[in-house]
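The block underneath contains the structure these notes are about, expressed in structure tokens.
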């Protein structure tokens, strides 16, 4: 599969839930996602039974589904070339859809979305009219990147794409994002309590400082720093800012 076809696979995933139902869940959208490449692989007389194999239950995280689809198509291409595969494409999709759903939902819906919403609420408190747009950009930009880059990883790694969940520590990152959302809420609450009439320049400084704090905290935790040391550093930094700008 060329890079352009992998990108089209990611774009087609935007419609995967258009035919959602209580029997197959995302099953029809899953077949819609695979169908163009299956048509390239199999002639019309053999295509029907191949498609029917996938016309069943399927339900996973919508943002990681293109990654699974690309890995499945990679197995289909290997089978078509009569190369040995560790498991059948259908068995692989049935095996990985639940782990990808758990990791993806925890990261995107349980971690990234609350953090982006918190940052948008902070911008709204500070008087910026574009705070709803900030939420849409912060959340949808990484989501769109995952939709487009995921198929490349899935196709070239095949069944080993599941190792990405461990390599990138998706579950741990979800917990970190949840904690960072609490840190941001606590920081803005303290600022508003001390100085409710915040000027434009000072409010912009607050936003940039919070974003930088979140980024550095995530980097430190990813590099293996203990969580309690990061929390102590955040408390010391908050105390220093409080003393410098409000008490001292």
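In this note's numbering, the protein residues as written are 176 to 423.
Yeah, the Cβ is synthetic: ideal placement off N, Cα and C, and Gly gets one too.
Quick caveat: nothing in here was measured; it's all calculated off a predicted structure.
- Close CB contacts of residue 291 within its chain, under the 7 angstroms cut and outside five residues either way in sequence, are with 310, 313 and 314 (chain order).
- Within the stretch 207-257, complete alpha helix (DSSP H) segments of at least 4 residues are found at 219-229 and 240-255, given in chain order.
- Setting aside the 5 residues that flank it on each side, residue 260 is surrounded in the same chain by 250, 253 and 254, each with a C-beta closer than 7 angstroms to its C-beta; the list follows chain order.
- In the structure shown, residue 400 falls within a coil segment according to DSSP collapsed to helix, strand and coil.
- In this structure, residue 192 lies away from residue 232, with their beta-carbon atoms at least 7 angstroms apart.
- Excluding its 5 nearest sequence neighbours in each direction, residue 273 has no C-beta neighbour in its own chain below 6 angstroms.
- Here DSSP, grouped into helix, strand and coil, assigns residue 200 to strand.
- Residue state for residue 341 is assigned as helix, using DSSP reduced to three classes.
- The residue from 241, 237 and 221 with its alpha-carbon nearest to that of residue 333 is 241.
- Around the beta-carbon of residue 257, fewer than 16 other beta-carbon atoms lie within 10 Å, marking it exposed.
- Approximately 19 angstroms separates the beta-carbon atoms of residue 195 and residue 185; this is outside 8 angstroms, ruling out the contact.
- Remark: C-beta atoms of residue 190 and residue 206 do not approach each other more closely than 7 angstroms.
- In the DSSP assignment, residue 272 falls within the unbroken alpha helix (DSSP H) covering 264-279.
- Taking a contact to require three or more Cβ pairs closer than 8 angstroms, the stretch 276-286 and the stretch 340-347 qualify as touching.
- A direct Cα-to-Cα measurement between residue 223 and residue 360 gives close to 54 angstroms.
- When the beta-carbon positions are compared, residue 210 and residue 244 stay at least 7 angstroms from each other.
- In this structure, the beta-carbon distance from residue 299 to residue 246 does not fall below 7 angstroms.
- With a contact defined as Cβ atoms closer than 8 angstroms, residue 355 and residue 393 qualify at about 7 angstroms.
- Going by C-alpha positions, residue 265 is about 51 angstroms away from residue 301.
- In the three-state scheme derived from DSSP, where H, G and I count as helix and E and B as strand, residue 302 is classed as coil.
- Note that the C-beta distance between residue 238 and residue 358 is not below 7 angstroms.
- Taking 8 angstroms as the upper bound for CB-CB distance, residue 353 and residue 285 are in contact here, some 7 angstroms apart.
- Pairing residue 282 with residue 349 gives a Cβ-Cβ distance under 7 angstroms.
- Taking a C-beta distance under 7 angstroms as the contact criterion, residue 327 and residue 181 qualify as a contact pair.
- Taking a contact as a CB-CB distance under 8 angstroms, the pair residue 248 and residue 176 counts as one, their CB atoms being some 7 angstroms apart.
- In the DSSP assignment, residue 181 falls within the alpha helix (DSSP H) that extends over 178-187.
- Relative to the Cα of residue 236, the nearest Cα in the group 226, 219, 415 and 202 belongs to 202.
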